[in-house]
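Colleague:
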Amino acid sequence: MSANPLFERTVSTLLAGEVICEVSNDDLNNYLLLPENQQQVASFLGQLNRTLRRTGTGEAWVCAYEDLATSEAKEAVRQQFSLVANHLEPLVHFLRLIMAVEGSQRPILPGSLVQESVILDRLSSVPSLEAKLRSLVETQFFRTKKTDSAGQIRTVMTNLEKAGYLKSHGTTGSVYRATGKWSWLYDVMTFIETHEGIQTSDPEDEPQMRLA
Amino acid sequence: MARTHDAQSALKALANHAELILDAHLNRGNRIPDTDENLSALETLEHHRLIWRFRGEEDQDPNLKKELIHLLVHVSGAQRRRWASEQVFDLWQSLEGLFRDYHEAKKRAAFVDIERLEAAIRECLAEIIDDIRSATEGFVSYLNSGFGYVTDLRLRIIENEKAIERAGKLNSLFDSFNIRELAEQAGNDPFLKRLLLKHLPAALEEGRQNLAYALNQLRVMLVQMREDQRLSKLIGAFEDHFLNSPGYIPSIADLDLEACPPALNNPKPFPLVAYGDIYDPASDQELIELAQSARSQPRQEAAPKEPERLTSIENDLDGHAETAEQDPLDELVQQLLDMVVSGNIGAGEISAHDTLLASSLDATPATFLRAVEAQVDALPPEDRRRVELAYDAMPDSLYPDNLYIQDITLRQPNVERV
Chain E
1 MSANPLFERT VSTLLAGEVI CEVSNDDLNN YLLLPENQQQ VASFLGQLNR TLRRTGTGEA
61 WVCAYEDLAT SEAKEAVRQQ FSLVANHLEP LVHFLRLIMA VEGSQRPILP GSLVQESVIL
121 DRLSSVPSLE AKLRSLVETQ FFRTKKTDSA GQIRTVMTNL EKAGYLKSHG TTGSVYRATG
181 KWSWLYDVMT FIETHEGIQT SDPEDEPQMR LA
Chain Z
1001 MARTHDAQSA LKALANHAEL ILDAHLNRGN RIPDTDENLS ALETLEHHRL IWRFRGEEDQ
1061 DPNLKKELIH LLVHVSGAQR RRWASEQVFD LWQSLEGLFR DYHEAKKRAA FVDIERLEAA
1121 IRECLAEIID DIRSATEGFV SYLNSGFGYV TDLRLRIIEN EKAIERAGKL NSLFDSFNIR
1181 ELAEQAGNDP FLKRLLLKHL PAALEEGRQN LAYALNQLRV MLVQMREDQR LSKLIGAFED
1241 HFLNSPGYIP SIADLDLEAC PPALNNPKPF PLVAYGDIYD PASDQELIEL AQSARSQPRQ
1301 EAAPKEPERL TSIENDLDGH AETAEQDPLD ELVQQLLDMV VSGNIGAGEI SAHDTLLASS
1361 LDATPATFLR AVEAQVDALP PEDRRRVELA YDAMPDSLYP DNLYIQDITL RQPNVERV
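Line order of the protein sequences matches chains E and Z.
Using this note's numbering, you'd call the opening residue of the first sequence number 1 and step up by one each time.
Using this note's numbering, you'd call the opening residue of the second sequence number 1001 and step up by one each time.
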């Protein structure tokens, strides 16, 4: 039986816990777009009690347990959740920082460009954003001893790249593209929002004050 | 004379910066970006009072003046496209009226009137065809801009919804045209028949296609904008929550995971590791080559260096200090107790077992609970009085006096629980 390098890379990437999307692995994403390839990968993963899943928006592929009846599987799910739960606060602050830098209400989405130079440029003119960056690099996920904004931003970007949220784009090393892992994170956040009863503030939903 | 001169130079300024002004009008919501390269243009336009901005908001992009916008609307034909459905509707009504008159003129054999009405019908039809084209093309400009000139997401959604509504109106207007009936009234005029049976249906078909595409794209954009809005609210809600509940970490300890939500179903990494097959003779050649190259390659790990011979002895006045790395388990227990002692716990109490689960620490619950208990006992008396322990225990089925400790809840005494 001849080897299939794309199949091998796809299953090893998925089993390693990585997310496959157009930005992170263009060739593997294209491979998975064909239904027969999806079938092959899912059937292989099925023998390891795993299956192939797409994130809510369909922009990324992930591996999931097929049957969660075993205590090992449940314990693994809890451990994986605790990993993301511990890093959620810094990730949320990073998302807000980028939204403030870009002056838009559009969050980072798979495929979005994130440029160090643009962030630095904005930070230098808005001191409150610089303070946000300083508090961001005090968290465990982005911790650095660097005191200059450029060094701090570089650390933040590098850590996000290591965690699979960003991928370096071009040759400068200072431009990144957001991967499909953000869509997975938004799915997790949506679940936590419902499960923990976190209130979404919407000024229009609040009852208006009446004139006496 | 001076007034004429001023007006002339204002018109020249408009001509010189026509591209910039048109770009601001068509793509940037009538705002000119305040950049270094636009500096001289902005100064000139400001001098002629063609742009404005509030004092104290110099960092905002300046706006085109109302008078200039009116001129631009007129010259770019934007207004006509914007209200194209009304325009086409009016023309269609006129056309139907003209056909009624034409029919009447034919009945009465009023040849001069027939000729006049034929010319009027041609003109009206040509205008309708032209308006249908420009109306549908107008929607393409929305798609190109993506309403990017509206910064607020909610307002952008409203703009998008308005465009969809206008496109919908235009579409239903096209559907209401009854060309066949008019063609029957057209008589034997080959030119009119060609306009009604060939050119008008072709223009309508093209318009419908463009409109269908634009409507579809506008709907896709609307869905994306609503999703952006949802995510923006989600992120904002989390930020507020973290701000209001310091130290908050989401937990799924209460879930039995029998029906695991898809978002949580994330398995542990499963590395695929393989070794060279030394039992298969077919792989011998490759393995021999690999082994040879591995032998010829310099070892990555440098051999331990021999300590340099000391030529003299120096006394280190500051002394040598060696910092020992702290045990992560101790560090976590210490952090937990610091939170309890300082009263920095959101719900008034905290479970040690949940804390362990929420951390990425690889320790058994028994070890962790023992460490918590030992560390609590080791607290200074003043801090110890601030920590109250509650044991979650289960009696042994055979020897009920023996208790199995499953969890410890830490809280401050006399503090109201949430």
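Glycine included, each C-beta is placed from N, C-alpha and C at the ideal position.
If you scan the stretch 1160-1214 of chain Z from start to end, which runs of the alpha helix (DSSP H) of 4 or more residues do you find wholly inside it?
Modeller: 1179-1185 and 1190-1194
Colleague: Find out if the Cβ-Cβ distance for the pair A1263/Z, D67/E is shorter than 8 Å.
Modeller: Translated into positions along the second sequence, residue 1263/Z becomes position 263. Translated into positions along the first sequence, residue 67/E becomes position 67. No; because the gap between Cβ atoms is not below 8 Å, this pair is not in contact.
Colleague: State the DSSP-derived secondary structure class of C1260/Z, mapped to helix, strand or coil.
Modeller: Counting from one through the second sequence, the residue named residue 1260/Z turns up at place 260. C1260/Z: coil per DSSP, three-state reduction.
Colleague: Which residues share a DSSP beta bridge with L52/E?
Modeller: Reading the first sequence from its first residue, position 52 is the one you call residue 52/E. Answer is C63/E.
Colleague: As a quick exercise: from N1244/Z, N1210/Z, K1198/Z and D1101/Z, pick the residue whose alpha carbon is nearest that of V1140/Z.
Modeller: One-based indexing of the second sequence puts residue 1140/Z at position 140. Checking every option, the nearest Cα to that of V1140/Z belongs to N1210/Z.
Colleague: Identify the continuous alpha helix (DSSP H) that holds L1117/Z and give its terminal residues.
Modeller: For the purposes of this step, residue 1117/Z is taken as the residue at position 117 of the second sequence. Note, L1117/Z: alpha helix (DSSP H), F1111 to S1145.
Colleague: Less than 8 Å between the C-beta atoms of L1020/Z and F1089/Z, yes or no?
Modeller: Reading the second sequence from its first residue, position 20 is the one you call residue 1020/Z. Reading the second sequence from its first residue, position 89 is the one you call residue 1089/Z. No, the Cβ-Cβ distance between L1020/Z and F1089/Z is not below 8 Å.
Colleague: Suppose the cutoff is 8 Å on Cβ atoms and the five residues either side in sequence are ignored; what does the same chain contact list for I1114/Z look like?
Modeller: Sequence index remark: in the second sequence, residue 1114/Z carries index 114 (1-based). Taken in chain order, the residues that qualify are Y1102, A1105 and K1106.
Colleague: Three or more C-beta pairs closer than 8 Å, one from the stretch 1249-1258 of chain Z and one from the stretch 84-95 of chain E: is that the case here?
Modeller: Short answer: they touch.
Colleague: Verify the CB distance criterion: does E1239/Z have a CB-CB separation below 8 Å to chain E?
Modeller: What you label residue 1239/Z is simply residue 239 of the second sequence in a count that begins at 1. Taking Cβ atoms only, chain E reaches closer than 8 Å to E1239/Z, which makes this a yes.
Colleague: Which bits of chain E does S1283/Z rub up against, with CB to CB less than 8 Å?
Modeller: To locate residue 1283/Z, count along the second sequence from 1; it is residue 283. Correct list: empty, because the minimum Cβ distance to chain E is about 14 Å.
Colleague: How is the alpha helix (DSSP H) around T171/E delimited, first residue to last?
Modeller: Locating residue 171/E in the first sequence gives position 171, counting from the first residue. Careful: T171/E lies outside any alpha helix (DSSP H) and carries neither H nor E.
Colleague: For N1265/Z, return the contacting residues in chain E, with the cut-off set at a CB-CB distance below 8 Å.
Modeller: The count along the second sequence starts at 1 and reaches residue 1265/Z at position 265. Under the 8 Å cutoff, chain E gives R53, A64, Y65, L68 and V77.
Colleague: What beta strand (DSSP E) runs, 3 residues minimum, are completely inside the stretch 110-151 of chain E?
Modeller: 113-115
Colleague: For a test of the three-state rule: what should DSSP assign to R1031/Z, helix, strand or coil?
Modeller: Position 31 of the second sequence, counted from the start, is the residue given in the question as residue 1031/Z. In the structure shown, R1031/Z sits in a strand (DSSP, three-state: E or B).
Colleague: To which residues does DSSP link M1225/Z through a beta bridge?
Modeller: The residue labelled residue 1225/Z in the question sits at position 225 within the second sequence. By DSSP's assignment, M1225/Z forms no beta bridge with any residue.
Colleague: Can you name, in chain order, every residue of its own chain whose Cβ lies under 8 Å from the Cβ of G164/E, other than the five neighbours on each side?
Modeller: Working through the first sequence from its first residue, we reach residue 164/E at position 164. So the qualifying residues of the chain are E18, V19, S24, T179 and K181.
Colleague: Tell me the rounded alpha-carbon separation between L15/E and Q39/E.
Modeller: The residue you call residue 15/E lines up with position 15 of the first sequence. The residue you call residue 39/E lines up with position 39 of the first sequence. Approximately 16 Å, taken between the alpha carbons.
Colleague: Would you check if there are 3 or more beta carbon pairs closer than 8 Å linking the stretch 1354-1368 of chain Z to the stretch 1324-1343 of chain Z?
Modeller: yes
Colleague: Rounded to whole angstroms, what is the Cα-Cα separation between D1277/Z and E1286/Z?
Modeller: One-based indexing of the second sequence puts residue 1277/Z at position 277. One-based indexing of the second sequence puts residue 1286/Z at position 286. So the alpha carbons of these two residues sit roughly 10 Å apart.
Colleague: Grouping DSSP H, G and I as helix and E and B as strand, with all else coil, what is D1254/Z?
Modeller: Numbered from 1 along the second sequence, position 254 holds the residue referred to as residue 1254/Z. D1254/Z: coil per DSSP, three-state reduction.
Colleague: Comparing alpha-carbon positions, which option in N37/E, E22/E, C21/E and L33/E lies nearest F7/E?
Modeller: Within the first sequence, numbered from 1, the residue matching residue 7/E stands at position 7. Residue N37/E is the option with its Cα nearest to F7/E.
Colleague: Are the beta-carbon atoms belonging to I1121/Z and L1095/Z less than 8 Å from one another?
Modeller: The residue you call residue 1121/Z lines up with position 121 of the second sequence. The residue you call residue 1095/Z lines up with position 95 of the second sequence. Yes, the Cβ-Cβ distance between I1121/Z and L1095/Z is below 8 Å.
Colleague: Would you say V118/E faces chain Z, with C-beta separation under 8 Å as the test?
Modeller: Here residue 118/E corresponds to residue number 118 of the first sequence, with the count starting at 1. Chain Z contact via Cβ: absent.
Colleague: In terms of alpha-carbon separation, which member of M1221/Z, I1350/Z, N1171/Z and E1184/Z lies closest to A1390/Z?
Modeller: Start at 1 with the first residue of the second sequence, and residue 1390/Z comes out as number 390. The candidate whose alpha carbon is nearest that of A1390/Z is I1350/Z.
Colleague: Tell me the rounded alpha-carbon separation between L1192/Z and T1136/Z.
Modeller: Start at 1 with the first residue of the second sequence, and residue 1192/Z comes out as number 192. Start at 1 with the first residue of the second sequence, and residue 1136/Z comes out as number 136. Taking the CA atoms as reference points, L1192/Z sits about 24 Å from T1136/Z.
Colleague: Measure the alpha-carbon distance for T51/E versus V77/E and round it to whole angstroms.
Modeller: The residue you call residue 51/E lines up with position 51 of the first sequence. The residue you call residue 77/E lines up with position 77 of the first sequence. Between the alpha carbons of T51/E and V77/E lies a distance of about 14 Å.
Colleague: From what residue to what residue does the beta strand (DSSP E) around Q1406/Z run?
Modeller: Along the second sequence, one-based indexing puts residue 1406/Z at 406. It spans L1403 to R1411 - the beta strand (DSSP E) in which Q1406/Z sits, taken as one unbroken run.
Colleague: I'd like to check one pair, L1234/Z with M99/E: are the Cβ atoms closer than 8 Å?
Modeller: In the first sequence, the residue the question calls residue 99/E occupies position 99. In the second sequence, the residue the question calls residue 1234/Z occupies position 234. Contact: no.
Colleague: Please report the residue range of the beta strand (DSSP E) in which Y1391/Z lies.
Modeller: Here residue 1391/Z corresponds to residue number 391 of the second sequence, with the count starting at 1. DSSP places Y1391/Z inside the beta strand (DSSP E), whose first and last residues are E1388 to P1395.
Colleague: Give the straight-line distance between the Cα atoms of R1133/Z and A1203/Z, rounded to the nearest whole angstrom.
Modeller: As a working note, residue 1133/Z is residue 133 in the second sequence. As a working note, residue 1203/Z is residue 203 in the second sequence. Computed Cα separation, rounded: 7 Å.
Colleague: For G56/E, I'd like the list of residues in its chain whose CB is within less than 8 Å of its CB, leaving aside the five on either flank, ordered along the chain.
Modeller: One-based indexing of the first sequence puts residue 56/E at position 56. Answer for G56/E: S183, Y186, D187 and T190, listed in chain order.
Colleague: Measuring only the C-alpha atoms, how far is S1146/Z from L1026/Z?
Modeller: For the purposes of this step, residue 1146/Z is taken as the residue at position 146 of the second sequence. For the purposes of this step, residue 1026/Z is taken as the residue at position 26 of the second sequence. It should be noted that the sequence gives Gly, not Ser, for residue 1146/Z. Cα-Cα distance, rounded: 12 Å.
Colleague: Just curious, the alpha helix (DSSP H) that S82/E is in, first and last residue?
Modeller: Position 82 of the first sequence holds residue 82/E. Counting along the chain, the alpha helix (DSSP H) containing S82/E begins and ends at S71 to E102.
Colleague: Going along the chain, which residues of its own chain have a beta-carbon closer than 8 Å to the beta-carbon of H1199/Z, five neighbours each way excluded?
Modeller: One-based indexing of the second sequence puts residue 1199/Z at position 199. The residues are L1125 and I1129.
Colleague: Quick one: is K74/E near chain Z, going by C-beta distance under 8 Å?
Modeller: As a first step, residue 74/E is located in the first sequence; it is residue number 74 there, counting from the start. At least one chain Z Cβ lies under 8 Å of K74/E.
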